[in-house]
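S.K.: The structure under discussion is supplied below as structure tokens; questions concerning it will follow.
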Amino acid sequence: MNNSNPSIGKTLAIYTATGIGIASFIGSLFSGIAGMIMGGSTGSMLVKQFVATLVIGIAFGAPAIIWVSDRLATWIKLIVAIVPGTIIYTCIAWWIGWIPREYGVWAVISTIVMILVVTLIICAICGVVFRSNVRTMNDYLKRRQQISH
């Protein structure tokens, strides 16, 4: 098998995740539009959910560009990729009611811990994928350089 091409499983996972992201955005967008049209408390919540998912997606997605850098230590990249999104996600979760404050301090703490654990797992997976893509590209560029010399 040619190692310069990603495996079919990896390609399938990437395309599937991309499709889910696009479908989620479209579904959220339509919910936000429906919320604006319907009004009231349900409509308001739908608009808030759309804004929340949009902002959270940007907060986690934009800093992920750090993974393409080979000049920083992995632990620095991990912090840059995780911290902004996690802070923004936690603030939005508090604002929108995803953190169950009405059940007491332990519910709040356990939810925040769960947010941190899930965030670490997702960022670790993304980091491995992004890093693998960077290494593949670097290997390709090195081979091209060797061929041209």
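Under numbering that gives the first Met the number 0, think of the first position of the sequence shown as 0, with each following residue one higher.
Yeah, the Cβ is synthetic: ideal placement off N, Cα and C, and Gly gets one too.
Considering Cα atoms alone, identify which of Ile-91, Arg-130 and Leu-28 is closest to Ile-114.
M.R.: Ile-91
S.K.: My parser needs the alpha helix (DSSP H) runs of 4 or more residues fully inside the stretch 60 to 110; what are they?
M.R.: 73 to 95
S.K.: Go ahead and pull the three-state DSSP assignment for Gly-34.
M.R.: helix
S.K.: Measure the beta-carbon distance from Val-54 to Ile-87 and round it to whole angstroms, keeping in mind my assumption that it falls under 8 angstroms.
M.R.: 6 angstroms
S.K.: Flag this pair as touching only if the stretch 96 to 109 and the stretch 61 to 78 have three or more C-beta atom pairs under 8 angstroms; answer yes or no.
M.R.: no
S.K.: Mind reading off the beta-carbon distance from Val-187 to Val-67? Whole number of angstroms is fine, and I expect it under 8 angstroms.
M.R.: It is not possible to answer for residue 187, since the shown part of the chain is limited to 0 through 148.
S.K.: Any idea what DSSP makes of Ser-147, helix, strand or coil?
M.R.: In this structure, Ser-147 counts as helix in the three-state DSSP scheme.
S.K.: Taking a contact to mean a Cβ-Cβ separation below 8 angstroms, would you say Gly-84 touches Ala-58 in this structure?
M.R.: Contact flag set, yes.
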